[in-house]
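Quick notes on the structure that follows.
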Amino acid sequence: MEKSEILKLKAQFDDYKAEYSNIETKEKRKKELIPLMQANLQKRSGKDDGNIMCIDGKEHSLTSDNVEDLYAIHGTLIAESSQNKVTEVADESREVANERNKYGPDNIYPKK
5 MEKSEILKLK AQFDDYKAEY SNIETKEKRK KELIPLMQAN LQKRSGKDDG
55 NIMCIDGKEH SLTSDNVEDL YAIHGTLIAE SSQNKVTEVA DESREVANER
105 NKYGPDNIYP KK
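With my numbering applied, the sequence shown corresponds to residues 5 to 116, in that order.
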């Protein structure tokens with residue numbers, strides 16, 4: 005999934021979350037929002053169902069009707085994407101540093 009689509013889905017979930025948390029939102033609408041949140045998380049995680057180990061140390065189901073479970077999954081997916089970005093930047097920096105290093109497995113340090 006492209007980065008722009010992931011960002012769009014994240015923003016969409018944030019909108020659902022804000023609407024759900026609004027004190028003026030009726031219970032009927034809240035019940036409509038839960039399947040929308042579930043579908044959003046399923047698209048972002050690439051899974052249709054199942055559990056995801058979250059950063060709170062617990063497994064939460066993608067099909068859960070408990071909004072706190074869905075929020076935990078959302079937070080975990082955000083943390084994973086941030087971690088992936090950090091890893092990507094670190095790998096690029098490491099590659100640049102290795103290219104500058106004139107010694108390596110093929111060109112070892114000279115003996116004195």
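Ideal Cβ placement from N, Cα and C applies to all residues, glycine included.
Just so it is clear, the structure is predicted and the values come from calculations on it, not from any experiment.
- Message: DSSP three-state label for methionine 41, please.
- Response: helix
- Going straight from the alpha carbon of methionine 57 to that of asparagine 88, what length do you get? 17 angstroms
- Query: Would the beta-carbon of methionine 41 fall within 8 angstroms of that of tyrosine 20?
  - Reply: yes
- If we ignore side chains and look at the alpha-carbon of each, how far apart do serine 25 and isoleucine 38 end up? 12 angstroms
- Task: Entirely within the region 5–83 and at least 4 residues each: give me those alpha helix (DSSP H) ranges in chain order.
- Result: 7–25, 31–49
- Message: Which residue wins for smallest C-alpha separation from aspartate 73, given the options Ala83, Ile112, Asp60, Ser85?
- Response: Asp60
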